[in-house]
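Quick note: the sequence shown uses this note's numbering, first residue 698, plus one each step.
All C-beta atoms in this analysis are idealised placements derived from N, C-alpha and C, irrespective of residue type, glycine included.
None of the values given here were measured: they were computed from a predicted structure.
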Amino acid sequence: MISGNETIIEKMEPMSHGRTDLRKRKPKLLAVINEHCTGCAGSPVCVAYCPVEACMFWVPDPDYPPFGRIEVDKTTCIGCAKCTSKGPDGTFLDGCPWDAIEMVAIEEWEARRGTVLPAVPDRPVSEWNSVPAAQV
Ligand code: SF4
Ligand code: SF4
């Protein structure tokens with residue numbers, strides 16, 4: 698969907714469901730999905746571990762339905778790394794087993810994308826079912 702000059706992504710299920718009050722400040726890290734994401738054939742392992750409402754969501758591949766991938770709303774991610782399988786000091790967690798999620802410093806992501814993220818979600822929860830593409 699295009700709204701003005703801004704592309705808006707409508708979030709689809711499978712989507713994370715959880716709390717809406719967890720991001721109280723800018724996180725140090727953000728979850729970034731890389732090219733290894735296969736979408737787990739439509740049953741994403743990672744989504745169940747995310748504690749934030751509508752933070753991880755399905756993006757269909759228009760060229761190869763029913764395939765797709767998972768993406769992360771960078772305005773609601775709290776950087777908890779529960780979606781990844783790499784914990785601190787080489788420990789293993791239960792998240793994505795395919796190395797498809799990297800935890801990236803928020804300043805690095807902002808510099809790479811030429812954008813500045815809000816410290817806390819800048820849209821009411823009733824609007825969390827979509828997100829500007831610039832914040833994904
Ligand atoms: S990020 Fe990993 S667990 Fe999540 S859908 Fe992609 S491959 Fe599957
Ligand atoms: S780092 Fe935490 S909040 Fe961010 S996508 Fe992963 S599980 Fe969700």
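Within a Cβ cutoff of 6 Å, which residues of the same chain sit near residue i, ignoring the five residues on either side of it in sequence?
i, result
"Asp770", "Cys752 and Val828"
"Val744", "Pro711, Ser713 and Met753"
"Tyr761", "none"
"Glu703", "Pro829"
For residue i, which residues in the same chain have their Cβ closer than 8 Å to its Cβ, ignoring the five residues on either side in sequence?
i, result
"Val813", "Glu807"
"Pro757", "Met709, Pro763, Phe764 and Gly765"
"Met800", "Leu726, Leu727, Ala728, Val729, Gly776, Ala778, Thr781 and Lys783"
Candidates the options: which alpha carbon is nearest residue i's?
i, options, result
"Ser713", "Ile767, Asn731, Lys721 and Asp760", "Ile767"
"Lys721", "Thr772, Glu703 and Ile798", "Thr772"
"Lys725", "Asp819, Glu804 and Val822", "Glu804"
"Leu727", "Gly739, Pro711, Glu707 and Arg809", "Arg809"
"Pro818", "Glu707, Thr704, Ile706 and Asp718", "Asp718"
"Pro794", "Ile705, Ser740 and Thr704", "Ser740"
"Ala802", "Pro821, Leu790, Arg820 and Ile775", "Ile775"
Is any heavy atom in ligand 1 found nearer than 8 Å to the beta carbon of residue i?
i, result
"Pro741", "yes"
"Ala797", "yes"
Can you grab the Cα-Cα spacing for the pair residue i / residue j, in whole Å?
i, j, result
"Cys777", "Val729", "12 Å"
"Trp825", "Trp755", "14 Å"
"Thr788", "Thr781", "11 Å"
"Ala831", "Asp786", "32 Å"
"Val742", "Ser823", "26 Å"
"Gly792", "Gly784", "10 Å"
"Lys779", "Ile798", "10 Å"
"Ile705", "Pro821", "15 Å"
"Val833", "Asn731", "12 Å"
Could you name the residues of the same chain whose beta carbon sits closer than 7 Å to that of residue i, not counting the 5 residues immediately before and after it, in chain order?
i, result
"Gly715", "Cys747, Pro748, Val749 and Glu750"
"Ala816", "Arg722 and Lys723"
"Asp796", "His733"
"Gly736", "Phe764, Gly765, Arg766 and Ile767"
At a threshold of 8 Å, does residue i count as lining ligand 2 (C-beta to nearest heavy atom)?
i, result
"Pro794", "no"
"Leu726", "yes"
"Arg776", "As written in the sequence, residue 776 is Gly, which differs from the Arg given in the question. Under cutoff, so the answer is yes."
For residue i, would you say it is in contact with chain B, using Cβ-to-Cβ distances shorter than 9 Å as the test?
i, result
"Glu805", "No chain B appears in this structure, which consists of one protein chain only."
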